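Protein sequences, first through last, are from chains A and B.
Numbered according to this note's numbering, the first sequence terminates at residue 888, and the numbering increases by one at each position without gaps.
Numbered according to this note's numbering, the second sequence terminates at residue 318, and the numbering increases by one at each position without gaps.
Just so it is clear, CB atoms sit at the ideal spot from N, CA and C, and this is done for glycine as well.
These numbers were taken from a predicted model, which means no experiment stands behind them.
For reference, the structure is listed below as structure tokens.
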Amino acid sequence: MSGVAFFVCGTPSNHRGFELVELGPERLPGSPETYLDNAPPDAADCHRIEHVVVDGQRYVQCSRVLRINPNDAEANRGAYVAVGCLILERLALHAVANCLDVVAELYGRVSSALTPDRAFPAGFRLADLEHWGAPLEERAAYQCSPLLVADVVLQALNGEGPVDWAKSKEVLLTPAEMTSADVARYQLYSRQGVLGSLASLDLDRARAQQTAQRATMAAQTFVELQHEWAGFEASAQRLLAKGEAFKHLTFDADSAVKRDRKLGAGSDARAEVPPVGPSPEGAVPYERPPYRMPQAFRIGSSRVRVGYDAATRRRSAAQQRHGSQRSSLRRVVLVLTGGLLTVLAYYGVQKWRSPEPTVATAPPPAVTEPESQQAEQQPPESNVARERAALDASPDQ
Amino acid sequence: MTRFDNVVDGSTIAGRTGNFLFTVGGVASGKSTLQNFLIHRLHVDEHVHFDRTNRDGKSASEAYLNAWVHNIAAGYLPERTQKGVLREFNVRFGQRGRPSLDFSFIEIAGEDIRSIVPTVEQKQPKLNDHLESYLRQPGVNKRFLFISDASRNRLGRGTFEEDVLFDTLIRYLLSDNGIGLRNLNILFIAAKWDVVQNEYKSDRQYFRTNFPQTRSTVLSSPRIKAQYLPFSVGEVVLERRESGESVARLKSIEKRYVEFLISWIYTSFTQRQLKGYPKVKFGLWGRIKNFFAAW
């Protein structure tokens with residue numbers, strides 16, 4: 492818990508004047524002396540609760556003030572010592588009670604240094620005062636406050652409440668260890684009436700605060716994520732830009748190659764080269780206009796382009812001179828190649844359309860007589876033998 | 024005793040002109056008492072026309088000054104001024120046939136003036152912000168009262184604390200790194216003179232003994248015009264209260280010193296002399312006498 496600033500101030504010495512020691516846990520806002528150095532009231536010892544406005548912010552100051560005598564002058568010009576706390580935000584009931592407990596403890600320590608004349612010893616300095624024991628921040632946040640102690644004491648006096656006083660000899664309340672559940676178990680009077688309402692309001696407030704903290708954390712996480720996403724988006728944009736540049740580059744290279752090819756195809760083809768520059772109106776929408784380099788890059792490249800055009804022009808002139816001879820030669824070659832290809836194609840087609848099908852399986856064997864089979868098995872007669880046999884048989888005819 | 028909680032703060036300083044009297048000194052040196060006494064004296068003198076209506080028309084300042092008059096008349100000396108609080112009062116006084124002097128004075132705690140002296144604890148010595156703003160205000164006639172607490176400078180027991188404070192402050196006022204004033208018109212006052220008047224032969228000896236460096240600075244600079252004055256409000260007694268506290272009460276009022284103070288203020292601003300008041304401007308013979316007295 493925070494939101495409280497404990498202090499000890501006053502004028503123990505007439506000649507040193509106002510002294511202030513801040514004990515924390517929070518720092519006192521603004522110039523503390525302007526709202527802490529107040530003339531003491533007429534009463535020798537009192538509690539002072541007042542509103543303090545610092546830089547437009549309203550705080551509550553609660554202090555215990557004691558009129559003292561200065562330790563270095565006989566006459567008293569309003570010397571005092573004050574121990575208190577400045578509450579910077581709305582605190583729970585038990586927290587306020589804890590703050591008062593701390594103030595009472597500090598006040599006891601400070602006032603114990605006073606001499607019977609109600610003056611501090613010579614050389615005493617408030618600045619030398621230090622706090623020891625449990626940190627004040629923890630002390631103020633204890634769930635077990637003097638309010639609960641008073642509640643339990645009253646229960647013991649009245650013999651009622653959750654504790655069986657007939658059997659229990661003692662009840663121990665340890666502020667540093669008790670949780671809110673423990674406190675709820677022991678509460679009786681402080682759970683009723685206005686005090687009870689205040690306590691329940693404090694609980695609700697604590698819950699709401701917890702929820703708000705979670706929401707804040709979630710919001711922080713969301714903001715972090717948003718930052719990360721923004722970073723990612725920026726990287727993607729950079730990549731996209733690089734990709735676009737690469738695309739333009741490839742397009743350039745592509746168009747350059749095409750142009751070279753067309754230029755290489757002959758003077759006739761030159762006329763078909765599309766003009767460099769913005770596409771004319773009425774161009775087909777999907778026709779991509781040629782890439783135009785940024786102005787900054789065009790100074791050097793235009794020089795290169797001038798050289799390139801000159802070379803192209805020179806090459807074209809040479810081609811005009813030798814163009815007719817080369818073209819006739821090419822035509823002959825092309826005709827021959829075409830003829831050869833036609834022949835080959837024809838042959839291929841004929842081969843593909845042949846009547847003798849390719850047999851995949853052997854035909855079944857024919858059934859024949861044994862004699863004929865034997866005759867067939869005899870070696871075939873030669874043409875001379877067949878002719879003699881024909882001559883032998885011919886006299887009857 | 025009448026107490027007021029209202030404060031005339033110095034939040035609107037810019038653009039101010041006129042005459043300003045700055046009362047500076049250590050904690051509990053008697054600055055407030057001197058101012059209270061001055062106002063009381065101007066009020067009770069029938070030969071002086073005194074007007075304490077503040078320029079801004081607010082009644083808080085007037086109520087404050089009225090309370091001072093009442094308290095001194097009742098024998099009460101003022102309580103200590105709160106640290107960090109600055110109050111400005113605007114008054115005018117004069118006499119028939121003489122110009123009326125309109126001037127403002129600032130009430131500020133000794134702690135806020137002492138802060139100009141470097142200490143081990145104080146990281147950056149500086150004056151109170153409002154006081155600094157007043158001092159830096161151009162087009163303003165400035166006069167300074169440097170108040171020394173004589174009860175803290177008993178013969179042979181001086182600690183030169185005030186000497187360091189005054190010397191530091193004068194250097195700061197003149198330095199280009201500080202306020203950068205072109206000249207200084209200062210009246211050094213040994214307050215509570217009645218406590219030490221039997222120990223020192225004269226106020227001259229008092230200042231020589233306890234303010235060696237301040238005097239050295241004053242003598243070496245042609246930009247500083249300084250005069251010296253012992254001061255006492257009268258006979259003061261301690262009154263024991265039921266609570267066990269002792270408070271200082273005025274038993275009788277001494278008007279000699281305060282009249283000299285009024286005369287010095289009037290003369291330094293108007294270059295004129297109030298009728299019936301002691302002279303603060305010396306002629307040739309007076310200067311010769313002073314010169315030899317200084318030796």
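Report the rounded CA-to-CA distance for residue 521(A) versus residue 545(A), giving the unit in angstroms.
Going from the Cα of residue 521(A) to the Cα of residue 545(A) covers about 6 Å.
Just checking my contact of residue 610(A) with residue 561(A) at CB under 8 Å: how many whole Å lie between their CB atoms?
The pair is a contact, with the Cβ atoms about 7 Å apart (cut-off 8 Å).
Among the residues of its own chain, which have a CB less than 6 Å from the CB of residue 251(B), if the five just before and after it don't count?
Answer for residue 251(B): 211, 226, 230, listed in chain order.
In the DSSP assignment, find the beta strand (DSSP E) that holds residue 649(A) and state where it starts and stops.
From DSSP, residue 649(A) is part of no beta strand (DSSP E) but of the alpha helix (DSSP H) over 637-649.
For residue 541(A), which option in 753(A), 526(A), 507(A) has the closest C-alpha, if you only look at C-alpha atoms?
Checking every option, the nearest Cα to that of residue 541(A) belongs to 526(A).
From this set, 700(A), 686(A), 600(A), 755(A), which residue's C-alpha is nearest residue 624(A)'s C-alpha?
Ranking 700(A), 686(A), 600(A), 755(A) by Cα distance to residue 624(A) puts 600(A) first.
What residues in its chain sit with their C-beta under 6 Å from that of residue 573(A), if we drop five residues either side in the sequence?
Closer than 6 Å at the Cβ level, and outside the excluded window around residue 573(A), lie 500, 501, 554, 556.
Select from 299(B), 271(B), 132(B) the residue whose C-alpha is nearest the C-alpha of residue 282(B).
Per the Cα distances, 299(B).
State yes or no: is the C-beta of residue 680(A) within less than 7 Å of the C-beta of residue 643(A)?
No. Outside cutoff.
What number of angstroms, rounded off, separates the C-alpha of residue 674(A) from the C-alpha of residue 663(A)?
Each residue's Cα considered, the two are about 12 Å apart.
For residue 120(B), is the classification buried or exposed, using 16 other Cβ atoms within 10 angstroms of its Cβ as the cut-off for buried?
Exposed, because fewer than 16 other Cβ atoms sit within 10 Å of the Cβ of residue 120(B).
What did DSSP end up calling residue 205(B) once you bin it into helix, strand or coil?
The answer is coil: DSSP assigns residue 205(B) none of H, G, I, E or B.
According to DSSP, simplified to helix, strand and coil, what is residue 253(B)?
Looking at residue 253(B) - three-state DSSP - the assignment turns out to be strand.
Can you tell me the Cβ-Cβ gap for residue 65(B) and residue 285(B), rounded? I've got them flagged as a contact below 8 Å.
Right, their Cβ atoms sit about 7 Å apart.
At a cut of 8 Å, does the region 177-193 of chain B reach the region 231-241 of chain B through at least three beta carbon pairs?
Yes, the region 177-193 of chain B is in contact with the region 231-241 of chain B.
Between residue 157(B) and residue 43(B), what straight-line distance do the alpha-carbon atoms span, to the nearest angstrom?
Each residue's alpha carbon lies about 9 Å from the other.
Can at least three beta-carbon pairs, one atom from the region 693-704 of chain A and one from the region 587-607 of chain A, be found at a separation below 8 Å?
With the cut-off at 8 Å, the region 693-704 of chain A and the region 587-607 of chain A do not touch.
Do residue 60(B) and residue 219(B) have their C-beta atoms closer together than 7 Å?
Taking 7 Å as the Cβ cut-off, residue 60(B) and residue 219(B) do not qualify as a contacting pair.
Does DSSP put residue 272(B) in a helix, a strand or coil?
Three-state result, residue 272(B): strand.
Could you confirm whether any beta carbon from chain A is found closer than 7 Å to the beta carbon of residue 43(B)?
Not an interface residue.
Please state whether the Cβ-Cβ distance between residue 566(A) and residue 261(B) is less than 7 Å.
Cβ distance < 7 Å, so residue 566(A) and residue 261(B) count as in contact.
Distance check for residue 722(A) and residue 160(B), CA to CA, integer angstroms please.
About 53 Å.
Please state if the CB of residue 237(B) and the CB of residue 172(B) are separated by a distance shorter than 7 Å.
Taking 7 Å as the Cβ cut-off, residue 172(B) and residue 237(B) do not qualify as a contacting pair.
When the Cα of residue 9(B) is compared with those of 86(B), 100(B), 149(B), which residue comes out closest?
Nothing about residue 9(B) can be read from this structure; chain B reaches only from 24 to 318.
Report, in whole angstroms, the separation of the C-beta atoms of residue 669(A) and residue 646(A), which I expect to be a contact under 8 Å.
Their Cβ separation, rounded to whole angstroms, is 16 Å, which puts residue 669(A) and residue 646(A) out of contact at 8 Å.
Is residue 172(B) helix, strand or coil by DSSP?
Strand.
Where residue 111(B) and residue 174(B) are concerned, what is the direct C-alpha to C-alpha distance, given to the nearest angstrom?
Approximately 27 Å between the Cα atoms of the pair.
Hey, residue 240(B) and residue 190(B): beta-carbon distance below 7 Å or not?
Cβ atoms of residue 240(B) and residue 190(B): closer than 7 Å.
Would you mind telling me which residues of chain B sit closer than 8 Å to residue 558(A), beta carbon to beta carbon, in chain order?
Chain B residues near residue 558(A): 266, 268.
Just to confirm, are residue 291(B) and residue 208(B) a CB contact at a threshold of 7 Å?
It is a contact, given that the beta carbons lie within the stated cut-off.
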